[in-house]
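Trainee: My questions all concern the structure below.
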Amino acid sequence: MEVWFNPSCSKSRIARDRLDEAGIEYTLRRYLEQPPTEAELREALGALGLEPWDITRAADPLARELGVRDLPRDREAWIRLLVAHPALIQRPIVLSGDGRAWVARDDETLREVTAP
Numbered sequence: 011m012e013v014w015f016n017p018s019c020s021k022s023r024i025a026r027d028r029l030d031e032a033g034i035e036y037t038l039r040r041y042l043e044q045p046p047t048e049a050e051l052r053e054a055l056g057a058l059g060l061e062p063w064d065i066t067r068a069a070d071p072l073a074r075e076l077g078v079r080d081l082p083r084d085r086e087a088w089i090r091l092l093v094a095h096p097a098l099i100q101r102p103i104v105l106s107g108d109g110r111a112w113v114a115r116d117d118e119t120l121r122e123v124t125a126p
């Protein structure tokens, strides 16, 4: 498993702690320091079954500054935006080796991630 992780985010730290408690092996990817490529983001979106605007932190001050709420729903343009500004990506995103993925921000999702 790979966790797109931001150490200053409480949701990311909770997900890391739950994975540790469950004894699950994973790699933390500090995605602000090592942003996903466009291809990696497309792959993650495919596994999530979501579009880039679905994983965008639209209430973030940077998102407001960039006017993301008013951007047309052009998938490729949004992917480029998120790659250029990874702080706008919801976190944590957990990617499993078997093609599943989650935006693991709540207890129910974390139970699914850590289920045997």
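Residues in the sequence shown are numbered consecutively from 11, following the working numbering. By construction, the Cβ of each residue, glycine as well, lies at the ideal position given by its N, Cα and C atoms. Note that the structure is predicted; figures quoted are calculated from it, not measured.
#1: Beta-carbon within less than 8 Å of T37's beta-carbon, same chain only, minus the 5 sequence neighbours each way: which residues are those?
#2: For the alpha helix (DSSP H) holding R28, just list the boundary residues, first then last.
#3: For a test of the three-state rule: what should DSSP assign to R67, helix, strand or coil?
#4: State the DSSP-derived secondary structure class of R110, mapped to helix, strand or coil.
#5: Report buried or exposed for L72, applying the criterion of at least 16 other Cβ atoms within 10 angstroms of its Cβ.
#6: Helix, strand or coil for I103 per DSSP?
#7: Taking L42 as part of the alpha helix (DSSP H), name the residues at either end of that continuous run.
#8: How about R79 and A68: do their beta carbons lie closer than 7 Å?
#9: Rounding to the nearest angstrom, what Cα-Cα distance links V123 and R101 in this structure?
#10: Where does L120 fall in DSSP's three states?
Mentor: By the coordinates alone:
#1: Sequence-distant Cβ neighbours of T37 in its own chain, meaning closer than 8 Å and more than five residues away, are M11, E12, V13.
#2: Counting along the chain, the alpha helix (DSSP H) containing R28 begins and ends at 20-31.
#3: It is coil, neither helix nor strand.
#4: R110: coil per DSSP, three-state reduction.
#5: Counting every other CB atom within 10 Å of its CB across the protein chains shown gives L72 a total below 16, marking it as exposed.
#6: Strand, per DSSP.
#7: Per DSSP, L42 belongs to no alpha helix (DSSP H) and is neither H nor E.
#8: A contact, by the Cβ cut-off of 7 Å.
#9: About 14 Å.
#10: If DSSP states are grouped into helix, strand and coil, L120 belongs with the helices.
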